[in-house]
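Step one of this worksheet: look at the structure below.
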Amino acid sequence: MLRITFLTAVLLAASLAVAESPVAIAIHGGAGTILPEKMTAEREQAIRAALEESAHAGHEVLESGGPALDAVVAAIRILEDSPEFNAGRGAVLTNTGTVEMDASIMNGADLEAGAVASVKRIRHPIDAARLVMHDSPHVMLMGEGAMSFAEDHGLEFMDEDWFITDFRRRQLETIQADEQAGMQLSESWHSTVGAVALDAHGNLAAATSTGGMANKRWGRVGDSPIIGAGTYADNRACAISATGHGEFFIRHVAAHSICSLVRMAGMTLDEAANQVINETLKEAGADGGVIAVDPQGNVSMPFNTPGMYRASVDGDGKLQVLIYREDSEG
Ligand code: ASP
2 MLRITFLTAV LLAASLAVAE SPVAIAIHGG AGTILPEKMT AEREQAIRAA
52 LEESAHAGHE VLESGGPALD AVVAAIRILE DSPEFNAGRG AVLTNTGTVE
102 MDASIMNGAD LEAGAVASVK RIRHPIDAAR LVMHDSPHVM LMGEGAMSFA
152 EDHGLEFMDE DWFITDFRRR QLETIQADEQ AGMQLSESWH STVGAVALDA
202 HGNLAAATST GGMANKRWGR VGDSPIIGAG TYADNRACAI SATGHGEFFI
252 RHVAAHSICS LVRMAGMTLD EAANQVINET LKEAGADGGV IAVDPQGNVS
302 MPFNTPGMYR ASVDGDGKLQ VLIYREDSEG
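Under this note's numbering, the letters of the sequence shown match residues 2 to 331, in that order.
Structure, rendered in structure tokens:
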């Protein structure tokens with residue numbers, strides 16, 4: 002009798018603890034020259050719907066007491082399947098018209114991390130990154146080796162054509178025509194996807210998935226699969242996923258820098274994220290933004306471009322789906 006009472010009390014305490022901890026999720030679908038006049042109504046609607054579906058999928062995991070890692074993967078898988086974003090299906094094309102993808106994931110509870118770089122035909126590169134974290138002694142695998150690791154672990158592969166959209170074909174043609182004419186790119190488009198989450202147990206996780214930069218060559222790899230640059234999570238500070246001009250995010254170790262400012266300089270999440278995006282990176286001439294969440298469930302989503310595809314459900318359960326700068330100022 003005593004045992005049952007004790008067990009009941011433990012379970013009750015555990016369920017109360019779950020119910021009382023805030024959960025929060027933020028996602029992004031990239032930052033860039035995103036302006037209302039450059040957007041069709043249909044595209045905007047498709048993007049908003051995908052962002053909402055992704056945020057909901059992640060939030061549902063958190064609401065049912067699931068781990069932050071599961072939530073960020075659930076959110077990213079939806080964006081990888083959506084042709085609107087530069088990840089999975091709809092990823093940008095390389096200089097030779099192929100698709101090479103990068104992804105990474107990090108667990109804030111133990112600083113475990115996994116990443117893949119320059120992989121082809123894997124439907125969900127984020128699943129491959131998670132497998133590297135859990136089922137290998139390594140943090141990052143690349144190219145053919147990463148693909149055979151994914152195959153050995155039963156991940157789904159698709160034909161390369163499945164990933165390639167007409168939009169990306171036209172984008173590559175335009176960039177290459179401009180390049181031949183010696184013109185500078187006047188616009189920046191970074192539509193990498195990412196997710197950060199805080200679960201009911203107080204654990205943080207971050208994940209990022211991308212096709213990298215359009216027209217890339219020579220096996221170029223950006224910040225997205227690099228732990229500390231495009232992705233970082235530490236329960237003592239925050240979880241970050243970045244989008245933008247990857248070379249700068251690598252040089253400034255952007256995601257880790259934000260967490261360090263929170264943990265060691267005592268800044269709020271918003272102050273730290275803004276310092277890196279709107280001061281350090283802006284002064285360096287780098288376009289981009291981040292999504293960030295801290296152990297209290299605060300969400301910050303700064304960017305230094307005209308827009309960033311983003312959505313969040315904060316500690317109070319409030320859903321926001323935002324695209325343009327004005328969306329958050331209204
Ligand atoms: N950060 C990515 C890269 O440099 C690009 C993006 O955000 O879309 O590969």
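Positions of the beta carbon are idealized from the N, C-alpha and C atoms, including for glycine.
Because the structure is a prediction, the values reported are computed rather than measured.
Residue i, buried or exposed, once every other Cβ within 10 Å from all chains shown has been counted against 16
i           : result
residue 135 : exposed
residue 39  : exposed
residue 327 : exposed
residue 324 : buried
residue 319 : exposed
residue 209 : buried
residue 112 : exposed
residue 285 : exposed
residue 170 : exposed
residue 160 : exposed
residue 33  : buried
residue 149 : exposed
residue 297 : exposed
Spatial distance of residue i from residue j (CA atoms)
i           : j           : result
residue 313 : residue 130 : 23 angstroms
residue 68  : residue 181 : 49 angstroms
residue 232 : residue 184 : 32 angstroms
residue 53  : residue 265 : 34 angstroms
residue 270 : residue 249 : 21 angstroms
residue 175 : residue 93  : 13 angstroms
residue 47  : residue 83  : 9 angstroms
residue 1   : residue 145 : Residue 1 is absent from the structure shown; the chain starts at 2 and stops at 331.
residue 262 : residue 272 : 9 angstroms
residue 177 : residue 204 : 44 angstroms
residue 317 : residue 89  : 31 angstroms
residue 128 : residue 156 : 8 angstroms
residue 215 : residue 65  : 38 angstroms
residue 220 : residue 154 : 24 angstroms
residue 315 : residue 24  : 7 angstroms
residue 295 : residue 147 : 31 angstroms
residue 308 : residue 86  : 14 angstroms
residue 120 : residue 192 : 18 angstroms
residue 143 : residue 104 : 10 angstroms
residue 15  : residue 122 : Because residue 15 sits at a pLDDT of 45, beneath the cut-off of 50, its placement in the model cannot be relied upon, and the following sentence gives the value as read from the coordinates. Going by the C-alpha atoms only, they are around 42 angstroms apart.
residue 280 : residue 31  : 19 angstroms
residue 37  : residue 267 : 37 angstroms
residue 106 : residue 168 : 28 angstroms
residue 202 : residue 116 : 24 angstroms
residue 337 : residue 213 : No answer is possible for residue 337: it lies beyond the span of the chain, which begins at 2 and ends at 331.
residue 196 : residue 162 : 26 angstroms
Cβ-Cβ distance between residue i and residue j below 9 angstroms
i           : j           : result
residue 35  : residue 194 : no
residue 29  : residue 290 : yes
residue 110 : residue 141 : no
residue 253 : residue 277 : yes
residue 72  : residue 235 : no
residue 133 : residue 139 : yes
residue 293 : residue 27  : yes
residue 151 : residue 228 : no
residue 243 : residue 225 : yes
residue 335 : residue 63  : In the structure displayed, the chain extends from 2 to 331; residue 335 sits before or after that span and is not available.
residue 164 : residue 74  : no
Expected contact under 8 angstroms - CB spacing of residue i and residue j to nearest Å
i           : j           : result
residue 98  : residue 166 : Not confirmed; about 12 angstroms, so no contact.
residue 282 : residue 299 : That belief does not hold up - the Cβ atoms of residue 282 and residue 299 are roughly 21 angstroms apart, past 8 angstroms.
residue 217 : residue 95  : 5 angstroms
Own chain, CB closer than 6 angstroms to residue i, minus 5 neighbours either side, in chain order
i           : result
residue 288 : 189, 245, 246 and 306
residue 322 : 49, 52, 53 and 312
residue 275 : 303
residue 238 : 260, 263 and 264
residue 55  : 28, 76, 79 and 80
residue 329 : 323
residue 13  : Per-residue confidence for residue 13 stands at a pLDDT of 45, beneath the threshold of 50, marking its modelled position as unreliable; no derived number is given.
residue 179 : none
residue 241 : 207, 233, 256, 259, 291 and 293
residue 70  : 108 and 206
Same chain, Cβ closer than 8 angstroms to residue i, five either side skipped, listed in chain order
i           : result
residue 44  : 85
residue 172 : 93, 94, 190 and 215
Residues near residue i in its chain [Cβ-Cβ closer than 7 angstroms; skip 5 each side]
i           : result
residue 301 : 270, 271, 274 and 293
residue 58  : 75, 76 and 79
residue 258 : 277
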